[in-house]
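The structure appears below as structure tokens.
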Amino acid sequence: YIDLSSNSLYENGVLALALLSTCPNLKHLNLAMNFFGDEGAGSLSRWIRKCKALEHLDLSSNGFLSTGAASLAEALAYCTALSHLDVSGNRCQNEGAKCLMSELSSLPQLASMDFGRTGMHWGWGAELETILSSLARCSALAHLQLHGNNFSSGGTEQLAQGLRKCKRLRTLGMSNCALEDVGGAAIAELLGNGGSLESVDIQNNDIGADLKHQMLKCHDGLRLRL
Numbered sequence: 019y020i021d022l023s024s025n026s027l028y029e030n031g032v033l034a035l036a037l038l039s040t041c042p043n044l045k046h047l048n049l050a051m052n053f054f055g056d057e058g059a060g061s062l063s064r065w066i067r068k069c070k071a072l073e074h075l076d077l078s079s080n081g082f083l084s085t086g087a088a089s090l091a092e093a094l095a096y097c098t099a100l101s102h103l104d105v106s107g108n109r110c111q112n113e114g115a116k117c118l119m120s121e122l123s124s125l126p127q128l129a130s131m132d133f134g135r136t137g138m139h140w141g142w143g144a145e146l147e148t149i150l151s152s153l154a155r156c157s158a159l160a161h162l163q164l165h166g167n168n169f170s171s172g173g174t175e176q177l178a179q180g181l182r183k184c185k186r187l188r189t190l191g192m193s194n195c196a197l198e199d200v201g202g203a204a205i206a207e208l209l210g211n212g213g214s215l216e217s218v219d220i221q222n223n224d225i226g227a228d229l230k231h232q233m234l235k236c237h238d239g240l241r242l243r244l
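See below:
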């Protein structure tokens, strides 16, 4: 267990993490809020691939973009025991998310992902199709956070269709996602299909009262935050 969160390591401080290559049994690593950017993410990726027992990894708010996300994606493919990944607050955008999810879909234990506030702009397109097909292959996925990203109506419809294939998904976070009624209707249809969802957060979106009322009647036992 290593917690180095909020230490402002920046890109040079990450070099000290070469010690990770000597910790093959490390299971929990928290590097949140160290602001090491793309260069630091590239350095970290060289060592983290040695941590094959790693289960929990928090890389939130470190300032890396799509380049850093791509470097980390390749390395994380070696972490076959990974069950939780948090990359929230990094502006990896669509391209970085695509790289990460493409690799993460091969990890059999991955149950929880946080891609909140990553600068994704969802609409119709090849990047979204790749991301959704990757999500569908995450066979253990139970918790997905997408809060703070910008969803167009078409993107939300695609997302709802893709999430139907995530048979074990229990919690979904989509607060502050610029959802309007068309996108909200797609989510309402997803909720109405029953499935495994137990908790959904869609607070702070521009969804009308009638649609919210419809969502509240979707199915018993669903915890819905509107």
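Quick note on numbering: the sequence shown equals residues 19 to 244 in the working numbering.
Ideal Cβ placement from N, Cα and C applies to all residues, glycine included.
Taking the alpha-carbon positions, what's the residue i to residue j distance?
i, j, result
"Leu246", "Ala36", "Nothing can be reported for residue 246: it is not among the residues displayed for the chain, which extend from 19 to 244."
"Leu22", "Leu33", "13 Å"
"Leu115", "Gly31", "The sequence shown places Ala at residue 115, not Leu. Cα to Cα, the separation comes out at about 25 Å."
"Asp132", "Leu164", "7 Å"
"Leu128", "Leu159", "6 Å"
"Lys185", "Ser151", "13 Å"
"Cys97", "Ser157", "16 Å"
"Arg29", "Phe54", "The sequence shown places Glu at residue 29, rather than the Arg named in the question. For Glu29 and Phe54, the distance between alpha carbons rounds to 4 Å."
"Glu207", "Asp228", "14 Å"
"His46", "Lys235", "39 Å"
Measuring CB to CB, does residue i end up less than 7 Å from residue j?
i, j, result
"Ser39", "Glu73", "no"
"Ala91", "Glu121", "yes"
"Ser123", "Arg155", "yes"
"His161", "Thr189", "yes"
"Asn25", "Asn43", "no"
"Leu118", "Leu75", "no"
"Asn194", "Gly166", "yes"
"Ala50", "Ser79", "yes"
"Ile205", "Ala178", "yes"
"Leu153", "Gly180", "yes"
"Ala257", "Arg109", "No statement about residue 257 is possible, as the shown extent of the chain runs from 19 to 244 and does not include it."
"Gly239", "Asp199", "no"
"Lys230", "Leu244", "yes"
"Ala99", "Ala144", "no"
"Met242", "Val218", "Here the sequence assigns Leu to residue 242, which means Met is not the residue at that position. In contact: Leu242 and Val218 (Cβ atoms closer than 7 Å)."
"Leu125", "Phe169", "no"
In this structure, what does DSSP give as the bridge partners for residue i?
i, result
"Val218", "Leu190 and Leu242"
"Met131", "Leu103 and Leu162"
At a threshold of 6 Å, does residue i count as lining the ligand PLP (C-beta to nearest heavy atom)?
i, result
"Leu209", "This structure lacks the ligand PLP, and indeed carries no ligand of any kind."
Closer than 7 Å, CB to CB, is residue i near chain C or not?
i, result
"Leu181", "Among the chains of the structure shown, chain C does not appear; only one protein chain is present."
Exercise for the section: Counting only runs of 3+ residues fully inside the segment 138-214, write out the beta strand (DSSP E) ranges in chain order. Expected result: Those beta strand (DSSP E) runs which fall completely within the segment 138-214 and span 3+ residues are 161-163 and 189-191.
Handout entry: Residue ranges of each beta strand (DSSP E) within the segment 19-101, 3 or longer
Key = Those beta strand (DSSP E) runs which fall completely within the segment 19-101 and span 3+ residues are 46-48 and 74-76.
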